[in-house]
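Colleague: Protein chains in written order, with our numbering: chain A, 1 to 203; chain B, 204 to 288.
(1) Can you give me the C-alpha to C-alpha distance between residue 216 (chain B) and residue 169 (chain A), rounded to a whole angstrom?
(2) Strictly by DSSP, which residues pair up with residue 108 (chain A)?
(3) If you draw a straight line from the alpha carbon of residue 83 (chain A) to that of residue 246 (chain B), how long is it in whole angstroms?
(4) Relative to chain A, which residues along the stretch 205-230 of chain B have a C-beta separation below 9 Å, given in chain order?
(5) Could you work out which residues of chain E lie near residue 243 (chain B), taking near to mean beta carbons separated by less than 7 Å?
(6) Report the rounded CA-to-CA distance for residue 252 (chain B) versus residue 153 (chain A), giving the unit in angstroms.
(7) Looking at the structure shown, is residue 101 (chain A) part of a helix, part of a strand, or coil, going by DSSP?
(8) Can you tell which of A:104, A:102, A:92 has its C-alpha closest to the C-alpha of residue 110 (chain A)?
(9) Please state whether the Cβ-Cβ distance between residue 78 (chain A) and residue 222 (chain B) is less than 8 Å.
(10) Under 7 Å Cβ to Cβ from residue 273 (chain B), same chain only, skipping five residues before and after it: list those, please.
(11) Residue 87 (chain A) versus chain B: which residues are under 8 Å apart at the beta carbon?
(12) Let me see if you follow: with CB-CB separation under 8 Å, is residue 264 (chain B) close to chain A or not?
(13) Residues in its own chain within less than 6 Å of residue 158 (chain A) by CB, not counting five upstream and five downstream?
(14) Anything in the stretch 23-49 of chain A with a Cβ closer than 8 Å to a Cβ of chain B? List those residues in chain order, please.
(15) Is residue 108 (chain A) near the ligand GDP, going by C-beta to nearest heavy atom under 7 Å?
(16) Let's see if you can read the secondary structure: which residues bound the beta strand (DSSP E) around residue 144 (chain A)?
(17) Which chain A residues are close to residue 366 (chain B), counting only those with a beta carbon under 9 Å from its beta carbon?
(18) Can you name, in chain order, every residue of its own chain whose Cβ lies under 8 Å from the Cβ of residue 90 (chain A), other than the five neighbours on each side?
(19) Take the Cβ of residue 98 (chain A) as the centre, count every other Cβ of all protein chains shown within 10 Å, and call the residue buried at 16 or more, exposed below.
(20) CA-CA distance, residue 120 (chain A) and residue 176 (chain A)?
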């Protein structure tokens with residue numbers, strides 16, 4: 001059985017995708033839990049008010065009732081659209097490893113996006129930092145890819161799942177990448193200098 | 204001061220339209236930025252479907268409202284003329 005090729009935006013013709021990675025699922029879970037609570041809480045409050053008999057019924061015919069229903073509807077629509085945007089933000093943030101480079105895509109809001117890439121031959125070191133109970137329990141961490149360009153060009157990716165496995169994979173492919181900065185050894189014989197013509201004139 | 208009840212509906216429809224256009228823009232941007240997998244389409248469809256359910260629920264619960272009626276709010280009468288002594 002052949003493996004399905006991994007496609008990503010701006011893929012070069014001879015490039016092979018190794019993996020596309022998103023942040024750990026707990027990041028998305030935390031965000032969705034927040035939006036879910038915002039939707040469920042008003043419904044729960046209304047249900048409790050009706051169940052305890054504090055409110056007999058919501059009279060929609062009155063102006064106040066109409067305003068409450070329309071306001072609640074707008075609130076729900078806003079929460080849904082913001083949750084959708086949050087999910088897309090999670091989905092579009094990614095780390096891509098190919099046989100040539102590492103690409104980090106950072107979605108900031110909905111209309112701003114940063115794409116940084118690092119050639120594998122420029123990778124000097126990959127570090128993993130696992131900090132805190134949640135991080136140790138669920139197995140995610142912060143991945144720092146050090147590049148030859150200095151600290152400013154380092155890649156820092158937070159909440160990376162299976163960080164150690166990803167670290168070893170990047171290091172393995174970086175080791176295999178041909179170094180462009182190093183001069184290749186000469187294989188052709190050195191060119192002889194042309195013979196110097198004998199001088200006949202006096203000095 | 205009497206205000207037509209339909210004003211709430213117009214404000215609601217205007218905000219819902221803005222949210223709808225924003226959602227469409229977000230979807231177009233996401234597809235441009237590489238949202239091309241089946242699972243991402245399913246999740247997007249779920250969000251849009253949930254929004255549609257909220258809209259339908261709102262319209263069903265307000266279907267019995269007489270939108271041509273008015274409601275009145277009391278505005279305090281503030282006099283600008285000085286009191287005669």
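Glycine is no exception: its CB is placed at the ideal position from the N, C-alpha and C atoms.
Modeller: Let me lay it out:
(1) Distance between the alpha carbons of residue 216 (chain B) and residue 169 (chain A): 52 Å.
(2) A:112
(3) 11 Å
(4) 206, 208, 211, 212, 214, 215, 218, 219, 222, 223, 225, 226, 228, 229, 230
(5) Absent here is chain E; the protein component of the structure consists of chains A and B.
(6) 42 Å
(7) Of the three classes helix, strand and coil, the one that applies to residue 101 (chain A) here is strand, per DSSP.
(8) Of the candidates A:104, A:102, A:92, the one whose C-alpha sits nearest the C-alpha of residue 110 (chain A) is A:92.
(9) Yes, the pair counts as a contact, with Cβ atoms nearer than the cut-off.
(10) Sequence-distant Cβ neighbours of residue 273 (chain B) in its own chain, meaning closer than 7 Å and more than five residues away, are 205, 206, 207, 208.
(11) 246, 250
(12) Yes, contact with chain A.
(13) 142
(14) none
(15) Inclusion of the ligand GDP in the displayed structure is not the case, the ligand content being empty and no account of it being possible.
(16) 140-147
(17) Here chain B has residues from 204 to 288 only, and residue 366 (chain B) is not among them.
(18) 22, 23, 27, 28, 31
(19) buried
(20) 9 Å
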